[in-house]
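Number of protein chains: 2
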Amino acid sequence: MTFPTPSSLVFRQLFESESSTFTYLIADRTHPNEAVLIDPVDSTVERDAKLIKELGLGLKFGLNTHCHADHITGTNLLRAKFPSMKSAISENAGSKADVLLKDNQTIEVGQFVLECRATPGHTDGCMSFLLKDQQQNPLAVFTGDALLIRGCGRTDFQQGSAASLYNSVHTRLFSLPDNVSVYPAHDYRGFTSSTIGEEKVHNPRLSKSADEFKTIMDNLNLPKPKLIDVAVPANINCGVH
Amino acid sequence: MTFPTPSSLVFRQLFESESSTFTYLIADRTHPNEAVLIDPVDSTVERDAKLIKELGLGLKFGLNTHCHADHITGTNLLRAKFPSMKSAISENAGSKADVLLKDNQTIEVGQFVLECRATPGHTDGCMSFLLKDQQQNPLAVFTGDALLIRGCGRTDFQQGSAASLYNSVHTRLFSLPDNVSVYPAHDYRGFTSSTIGEEKVHNPRLSKSADEFKTIMDNLNLPKPKLIDVAVPANINCGVH
Ligand SMILES: [Fe+2]
Ligand SMILES: [Fe+2]
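Taken in order, these protein sequences are the chains called C and A.
Residues in the first sequence are numbered from 1 upward in steps of one, following our numbering.
Residues in the second sequence are numbered from 1 upward in steps of one, following our numbering.
Following this line, the structure appears as structure tokens:
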């Protein structure tokens, strides 16, 4: 991590290597039962639940940045371990969840806040979460597949739109202060974090014009994700499959 | 990361997935040419050098926590990209390097300090690096293979000694404040950081007595690392092979 961490903040980045997914644990030691887990993966729920318990925390929310096509969300399995936990996802994701999140809504994590920022384009229902401290200073943003480190999510299925993604990143993420840390849902090259300032300058796709971005995205020719036919139907139903 | 990061600190954790090795970049924005890279891997030198240049930094030291048996150090390749960089390793590692580090020696990273703490046991020449801020507050410790997250390095080759490792961890690492972040050289389960307080309580090996620890370590029956016959001879010579 690269942001100034207030002393009561608990922050952990966790990695699931099959789908190269990052899961993030965020909590406030002064309100230990309000921990939030962003993008849990079904296969690492045991690991994550053990860690949460070892840290003396209780889970308030299991958040998904979007309806994933490459892995099954862990929110359903987590509910069995943390009965008061609620799953949450954007109201535009087309998925079932205990809480459907609206743009600009805030989620309290003890004294900290996660501000929901709709960032559609990879899917219609992609949402980023901006972590702010007690004084409302932005610290870090969890960008899902909207903004990856020196990359971005694909826009060729699941309602993907390069124009929409470009607009989302430029208006809702690149408008943040340069020193805000960036924590994506995936990385495939061993990076673990970046900053808004760095991505504005060095992101090889999103630092370009909207037209150039569209050309790049239209010519990626990526294979279909291995798990899409299993993962999307399951994730629409909170990971139940 | 989970420690309070001073505003001028640059900190990046990088991952090499073949050997599950973490590389750490540490710098002070106010002294950009004094960046340090801990445990670089040969196969990710291009990635790391590009990042260092994008961040406007210059490399002062390439540090190795020990003579690795599972990957080839990147220090030799990095010297070609950063001609003023010096490689460094413990004087007890039995390896060539530009600087041979002594126990308790300090390395300045701009206004920050890395304090060398000899932590033998996995190998004779294992050294941990304690990052301190301008006020000498300990922030994080880079533990190499001495202390892993809920684990530790093996002690069955390369001068390994369970008794020595137990003593190192308990006297030189567990003596640090509980809130100091722990950043190891490897993780195989998707964890990225821990804290001293957590490992003292939850490390399944090192939270035990010295006798129980030795019994655990004597019965691991691990296979020989795939790369040991290539990596150790190369790493003794700063990664030249
Ligand atoms: Fe996705
Ligand atoms: Fe090692």
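For each residue, glycine too, the CB sits at the ideal point set by N, CA and C.
Nothing here was measured: the structure is a model prediction, and the numbers come from that model.
Classify Gln135/C as buried or exposed, calling it buried when 16 or more other Cβ atoms lie within 10 Å of its own Cβ. exposed
Exposure of Met1/A, with buried meaning 16 or more beta-carbon neighbours within 10 Å: Here the model assigns Met1/A a pLDDT of 45, short of 50, so the residue's position is not dependable and the matter cannot be decided.
For a test of the three-state rule: what should DSSP assign to Met1/C, helix, strand or coil? Residue placement at Met1/C is poorly supported in this model, since its pLDDT is 45, which falls under 50; the coordinates are not used for a value here.
Count the other CB atoms within 10 Å of the CB of Leu222/A; is the residue buried (16 or more) or exposed (fewer)? By the Cβ neighbour-count rule, Leu222/A is exposed, with fewer than 16 other Cβ atoms within 10 Å of its own.
Taking 6 Å as the cut-off, is the C-beta of Asp103/A nearer than that to any heavy atom in ligand 2? no
Could you confirm whether any beta carbon from chain C is found closer than 7 Å to the beta carbon of Gln13/A? yes
Residues of chain C with CB closer than 7 Å to the CB of Arg189/A, please, in chain order. Arg47
Any C-beta of chain A sitting closer than 7 Å to the C-beta of His202/C? Cβ-Cβ to chain A under 7 Å: yes for His202/C.
For ligand 2, is there any heavy atom lying closer than 6 Å to the beta carbon of His202/A? no
Pick from Ala27/A, Ser84/A, Lys214/A that is closest to Lys167/A, judged by C-alpha positions: Note that residue 167/A is Asn in the sequence shown, not Lys. Per the Cα distances, Lys214/A.
Spatial distance of Cys126/A from Ile89/A (CA atoms): Ile89/A has its alpha-carbon roughly 9 Å from the corresponding atom of Cys126/A.
Taking only beta-carbon positions, decide if Leu199/C is within less than 7 Å of chain A. For the record, residue 199/C in the displayed sequence is Glu; it is not Leu. No, Glu199/C lies away from the interface with chain A (no Cβ there is under 7 Å from its Cβ).
Tell me, please, whether the CB atom of Leu18/A is closer than 7 Å to any CB atom in chain C? In the sequence on display, residue 18/A carries Glu and not Leu. Cβ-Cβ to chain C under 7 Å: no for Glu18/A.
Sequence-distant residues of the same chain with beta carbon closer than 6 Å to Ala27/A, five excluded per side: Val10, Ala35, Leu57
Looking at Leu100/C and Leu114/C, is the spacing between their C-beta atoms short of 7 Å? no
CB-CB length for Asn179/A against Thr195/A, believed under 8 Å: 6 Å
Would you mind reading off the limits of the alpha helix (DSSP H) that contains Ala69/A? Note, Ala69/A: premise wrong, no alpha helix (DSSP H); not H, not E.
Spatial neighbours of Pro177/A within its chain, please: CB distance less than 7 Å, with the 5 preceding and 5 following residues excluded, ordered by chain position. Contacts found: Pro138, Ile196.
Show which residues of chain C have a CB atom less than 9 Å away from the CB atom of Thr44/A. Arg189, Gly190
Span of the beta strand (DSSP E) around Ser181/C: 181-184
Within 10 Å of its beta-carbon, does Ser175/C have 16 or more other beta-carbons around it, so buried, or fewer, so exposed? exposed
What's the gap between the Cα of Leu77/A and the Cα of Arg117/C? Straight-line Cα distance between these residues: approximately 42 Å.
Span separating the alpha-carbon of Lys86/A from that of His71/A: 20 Å
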